[in-house]
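Undergrad: For the working numbering, add 1344 to where a residue sits in the sequence shown, where the first one is 1.
Even for Gly, the Cβ is constructed at its ideal location relative to N, Cα and C.
I have a structure I would like to understand better, so I am pasting it below and will then ask my questions one at a time.
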Amino acid sequence: MRAVLDIVLIILDLYVWLLIASAILSWLIAFNVVNTRNQFVAAVADFLYRITEPVLAPIRRMLPNLGGLDISPIVLILIIMLIQRVITYYIYPFVF
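In structure tokens, the structure reads:
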């Protein structure tokens, strides 16, 4: 059972890195540093959008409108960190 919890923690860490990559890529696209006409950039952007948007959309609906500032990735990272702490401190020690 601890192996399953370790896998869950690794997946949560990986998802945090995907959120960070998605935010950085969105900035690079917004400031015209990278061109989405490039097939590789478009494929990476589409993958990151498809993997992060289903989780970020409900958070965006709950947050107030802050103009052009999107803090939903930060909120999601904080939620993931909370879940990791709960697993590490309250669930993991009591699993055989």
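Taking contact to mean at least 3 C-beta pairs separated by less than 8 Å, is the stretch 1392–1412 in contact with the stretch 1358–1369?
TA: Enough Cβ pairs lie closer than 8 Å, so yes.
Undergrad: Determine the direct distance from the alpha carbon of residue 1409 to that of residue 1435, and round the result to whole angstroms.
TA: Taking the first residue of the sequence shown as position 1, residue 1435 is located at position 91. Taking the first residue of the sequence shown as position 1, residue 1409 is located at position 65. Using only the alpha carbons, I get a separation of about 36 Å.
Undergrad: Any heavy atom of the ligand MG closer than 6 Å to the beta-carbon of residue 1395?
TA: Looking at this structure, you won't find the ligand MG or any other ligand, since it has none at all.
Undergrad: Give me, in chain order, the residues of the same chain whose beta-carbon lies closer than 7 Å to that of residue 1403; leave out the 5 immediate sequence neighbours on both sides.
TA: If you number the sequence shown from 1, residue 1403 lands on position 59. Hits under 7 Å: 1416, 1419 and 1420.
Undergrad: Quick check on the DSSP output: what are the complete alpha helix (DSSP H) runs of length 4 or more inside the stretch 1365–1408, in order along the chain?
TA: Taking only runs of at least 4 residues, the alpha helix (DSSP H) segments lying wholly in the stretch 1365–1408 are 1383–1406.
Undergrad: So, are the CB atoms of residue 1378 and residue 1388 less than 7 Å apart?
TA: One-based indexing of the sequence shown puts residue 1378 at position 34. One-based indexing of the sequence shown puts residue 1388 at position 44. No, the pair does not count as a contact, with Cβ atoms beyond the cut-off.
Undergrad: So what's residue 1350 in DSSP terms, helix, strand or just coil?
TA: To locate residue 1350, count along the sequence shown from 1; it is residue 6. Residue 1350 falls in the helix class under three-state DSSP.
Undergrad: What's the C-alpha gap between residue 1425 and residue 1371?
TA: Taking the sequence shown and counting its residues from 1, the one referred to as residue 1425 is at position 81. Taking the sequence shown and counting its residues from 1, the one referred to as residue 1371 is at position 27. Their Cα atoms are separated by approximately 23 Å.
Undergrad: Quick one: what does DSSP say residue 1357 is sitting in, helix, strand or coil?
TA: Within the sequence shown, residue 1357 is the residue found at index 13, counting from 1. DSSP places residue 1357 in helix when its eight states are reduced to three.
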